[in-house]
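Engineer: Read in the UniProt record's numbering, the sequence shown has 142 at position 142, and its numbers run on one by one without any break. Even for Gly, the Cβ is constructed at its ideal location relative to N, Cα and C. Quantities reported herein were computed from a predicted structural model and do not represent experimental measurements. Questions regarding the structure given below will be posed in turn.
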Amino acid sequence: MLSTVAQVYPVVWQEDRVLLIDQTRLPNEYIVVEISRYEDMARAIKTMIVRGAPAIGVAAAYGVYLGARAIQTSDRDQFLAQLETVAQELRETRPTAVNLFWAIARMLKTARQTIGPVEYLKETLLQTAKQINADDIQTCQAIGDHGVKALPTSPEKLRILTHCNAGALATAGYGTALGVVRSAWRDGRLERVYADETRPRLQGAKLTAWECVQEGIPVTLISDGMAAHCMKQGLIHAVVVGADRIAANGDAANKIGTYSVAIAAKAHNVPFFVAAPLSTIDFSLSDGSGIPIEERDPVEIYQVGDTRICSPGVEFYNPAFDVTPAELITAIVTEFGAFAPSELKPQLHEKQAV
Numbered sequence: 001m002l003s004t005v006a007q008v009y010p011v012v013w014q015e016d017r018v019l020l021i022d023q024t025r026l027p028n029e030y031i032v033v034e035i036s037r038y039e040d041m042a043r044a045i046k047t048m049i050v051r052g053a054p055a056i057g058v059a060a061a062y063g064v065y066l067g068a069r070a071i072q073t074s075d076r077d078q079f080l081a082q083l084e085t086v087a088q089e090l091r092e093t094r095p096t097a098v099n100l101f102w103a104i105a106r107m108l109k110t111a112r113q114t115i116g117p118v119e120y121l122k123e124t125l126l127q128t129a130k131q132i133n134a135d136d137i138q139t140c141q142a143i144g145d146h147g148v149k150a151l152p153t154s155p156e157k158l159r160i161l162t163h164c165n166a167g168a169l170a171t172a173g174y175g176t177a178l179g180v181v182r183s184a185w186r187d188g189r190l191e192r193v194y195a196d197e198t199r200p201r202l203q204g205a206k207l208t209a210w211e212c213v214q215e216g217i218p219v220t221l222i223s224d225g226m227a228a229h230c231m232k233q234g235l236i237h238a239v240v241v242g243a244d245r246i247a248a249n250g251d252a253a254n255k256i257g258t259y260s261v262a263i264a265a266k267a268h269n270v271p272f273f274v275a276a277p278l279s280t281i282d283f284s285l286s287d288g289s290g291i292p293i294e295e296r297d298p299v300e301i302y303q304v305g306d307t308r309i310c311s312p313g314v315e316f317y318n319p320a321f322d323v324t325p326a327e328l329i330t331a332i333v334t335e336f337g338a339f340a341p342s343e344l345k346p347q348l349h350e351k352q353a354v
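Here you go:
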């Protein structure tokens with residue numbers, strides 16, 4: 001049994017390296033991985049040692065700095081050219097999470113716009129990565145507080161369903177969807193969390209349930225196929241999920257299975273909320289059809305631990321994400337407030353900046 005971890009910060013800068021909670025080892029082991037090279041950061045993102053769109057963005061920002069630190073030249077143009085190579089390797093790790101690309105773009109913009117010797121550029125990049133890290137924690141706390149205000153006012157204490165993990169582990173701390181849960185628990189508005197197990201990686205079972213236990217938040221784990229039944233039984237008052245990329249019209253990509261939950265929520269008149277920072281909104285995409293969907297190794301489907309669960313010869317399809325249409329979403333909760341999907345572009349486009 002793991003001892004209780006008071007506060008969860010999955011990405012931390014310490015002295016000259018990054019410390020990552022190895023999320024592939026939870027809930028059975030709490031292991032911290034030290035990252036000192038950008039190649040190792042790219043591997044950690046790709047293998048899901050660190051996961052969740054905001055956390056990936058923070059990790060990628062530090063990855064850009066680690067790559068910059070290793071560049072051995074005092075020539076500015078050569079430095080920027082080599083930094084682009086570092087950035088491209090990091091971009092190729094996870095195609096769906098737009099926060100990854102946002103953070104890398106911000107780091108590159110910092111490098112291009114900073115005047116001074118290369119060593120000064122490197123130091124400025126580190127400070128920018130630290131700022132991205134700190135900003136994300138504040139952003140998640142704001143999302144949580146806006147989310148509580150958007151939740152149904154009745155009953156007084158709510159039972160909230162969530163899918164996958166959009167908690168402190170998926171961000172720099174506090175969480176997006178679980179940030180709303182945390183704020184609701186703090187304010188006495190939460191009775192219980194229902195967590196989908198989230199096949200095939202089981203982030204709900206392994207990560208969301210673990211986070212809730214750390215803070216004493218009542219949590220009930222259900223299989224993915226039970227969500228509609230729980231809604232029909234009146235057990236769920238609201239659904240709150242995160243997102244890895246949101247199109248300009250409000251279509252939202254999140255962990256595979258989210259779309260099914262949204263359909264069930266619509267059928268049972270349960271409000272469905274997406275909680276995500278402004279950096280998750282990709283205004284360059286008019287709708288969700290343009291969101292790239294990552295496909296992962298089929299071993300995630302046919303094997304649990306060391307045990308194969310189906311016959312040899314079976315074919316597999318393993319998309320990591322699906323896209324929930326805007327018409328199924330009650331509101332999208334950001335650090336600036338909760339907005340109907342149709343309000344995203346007119347209300348928030350001008351606020352977004354790299």
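(1) Whose C-beta lies closer than 6 Å to the C-beta of G288 among residues of the same chain, with five residues either side of it excluded?
(2) Mind checking which residues open and close the alpha helix (DSSP H) that includes T47?
(3) Starting from A340, trace the beta strand (DSSP E) both ways and give me its first and last residue.
(4) Assuming contact is defined by CB atoms lying nearer than 8 Å, are V241 and C164 in contact in what I supplied?
(5) Could you tell me if the beta carbon of L221 falls within a distance shorter than 7 Å of some heavy atom in the ligand SAM?
(6) Identify the continuous alpha helix (DSSP H) that holds N99 and give its terminal residues.
(7) So is G179 buried or exposed if we call it buried at 16+ other beta carbons inside 10 Å?
(8) Output needed for A331: all residues of its chain with C-beta closer than 7 Å, excluding positions within five of it in sequence on either side, in chain order.
(9) Enumerated in chain order, which unbroken segments of the alpha helix (DSSP H) with a length of 4 residues or greater are wholly contained in the segment 152 to 226?
(10) Does DSSP classify T4 as helix, strand or coil?
(11) Report the three-state DSSP secondary structure of L235 (helix, strand or coil).
(12) Evaluate contact between the segment 66 to 83 and the segment 100 to 120, counting only Cβ atoms and requiring at least three cross-stretch pairs below 8 Å.
(13) Answer with buried or exposed for A81, where buried requires no fewer than 16 other C-beta atoms within 10 angstroms of its C-beta.
(14) Note down, in chain order, each residue of its chain lying with its Cβ closer than 8 Å to the Cβ of A44, except the 5 sequence neighbours on either side.
(15) Measuring CA to CA, which of G204, D145, V270 is closest to H229?
(16) Which residues does DSSP list as the beta-bridge partners of I35?
(17) Buried or exposed: which applies to S286, given that a residue is buried once 16 or more other Cβ atoms fall within 10 Å of its Cβ?
(18) Mind reading off the beta-carbon distance from T171 to D135? Whole number of angstroms is fine, and I expect it under 8 Å.
(19) Could you give the residue range of the beta strand (DSSP E) that holds N254?
(20) Measure the C-alpha to C-alpha separation of Q14 and N133 and round it to an integer number of angstroms.
(21) Between the Cα of D224 and the Cα atoms of K255, Q127, C212, I217, which residue gives the shortest distance?
(22) Buried or exposed: P10, going by 16 or more other Cβ atoms within 10 Å of its Cβ?
(23) Which residues share a DSSP beta bridge with P319?
(24) Determine the direct distance from the alpha carbon of D77 to that of L169, and round the result to whole angstroms.
(25) By the DSSP assignment, the beta strand (DSSP E) with T334 in it spans what residues?
Structural biologist: For this structure:
(1) Taking the sequence shown and counting its residues from 1, the one referred to as residue 288 is at position 288. If we look at G288 and ignore the five residues flanking it on each side, its Cβ neighbours are A247, D251, V323.
(2) Looking up residue 47 in the sequence shown gives position 47. Per DSSP, T47 belongs to no alpha helix (DSSP H) and is neither H nor E.
(3) Taking the sequence shown and counting its residues from 1, one reaches residue 340 at position 340. Boundaries cannot be given for A340, as no beta strand (DSSP E) includes it and DSSP labels it neither H nor E.
(4) The count along the sequence shown starts at 1 and reaches residue 241 at position 241. The count along the sequence shown starts at 1 and reaches residue 164 at position 164. Yes.
(5) Among the ligands in the structure shown, none appear at all, so the ligand SAM cannot be discussed.
(6) Locating residue 99 in the sequence shown gives position 99, where the first residue counts as 1. Start and end: 98 to 113.
(7) To locate residue 179, count along the sequence shown from 1; it is residue 179. It is buried - the Cβ of G179 has at least 16 other Cβ atoms within 10 Å.
(8) As a first step, residue 331 must be located in the sequence shown, where it is residue number 331. Within the same chain, A150, F273, A338, F339, A340 come within 7 Å of A331 by CB-CB distance, once the 5 residues on both sides are set aside.
(9) 177 to 186, 209 to 215
(10) Taking the first residue of the sequence shown as 1, we reach residue 4 at position 4. With a pLDDT of 47 at T4, under the threshold of 50, the predicted position of this residue should be treated as unreliable, and no value is reported.
(11) The residue labelled residue 235 in the question sits at position 235 within the sequence shown. In this structure, L235 counts as coil in the three-state DSSP scheme.
(12) Verdict: yes, contact present.
(13) Taking the first residue of the sequence shown as position 1, residue 81 is located at position 81. It is exposed - the Cβ of A81 has fewer than 16 other Cβ atoms within 10 Å.
(14) Position 44 of the sequence shown, counted from the start, is the residue given in the question as residue 44. Counting only Cβ-Cβ distances below 8 Å, and skipping sequence neighbours, we find L20, V33, I35, V50, A59.
(15) For the purposes of this step, residue 229 is taken as the residue at position 229 of the sequence shown. Closest by alpha carbon: V270.
(16) Position 35 of the sequence shown, counted from the start, is the residue given in the question as residue 35. DSSP lists V18 as partners of I35.
(17) Within the sequence shown, the letter at position 286 stands for residue 286. The residue is exposed, with fewer than 16 neighbouring Cβ atoms inside 10 Å.
(18) For the purposes of this step, residue 171 is identified with residue 171 of the sequence shown, where counting begins at 1. For the purposes of this step, residue 135 is identified with residue 135 of the sequence shown, where counting begins at 1. With 8 Å as the limit, T171 and D135 do not qualify as a contact, their Cβ atoms being about 11 Å apart.
(19) Mapped onto the sequence shown, residue 254 falls at position 254. Residues 252 to 255.
(20) Here residue 14 corresponds to residue number 14 of the sequence shown, with the count starting at 1. Here residue 133 corresponds to residue number 133 of the sequence shown, with the count starting at 1. Roughly 13 Å separates the two Cα atoms.
(21) For this step, residue 224 is matched to residue 224 along the sequence shown. Taking only the C-alpha atoms, the option nearest D224 is K255.
(22) If you number the sequence shown from 1, residue 10 lands on position 10. By the Cβ neighbour-count rule, P10 is buried, with 16 or more other Cβ atoms within 10 Å of its own.
(23) Within the sequence shown, the letter at position 319 stands for residue 319. Looking at the DSSP output, P319 sits in a beta bridge with E295.
(24) Mapped onto the sequence shown, residue 169 falls at position 169. Mapped onto the sequence shown, residue 77 falls at position 77. Distance between the alpha carbons of L169 and D77 is about 37 Å.
(25) By 1-based counting over the sequence shown, the position of residue 334 is 334. Start and end: 331 to 334.
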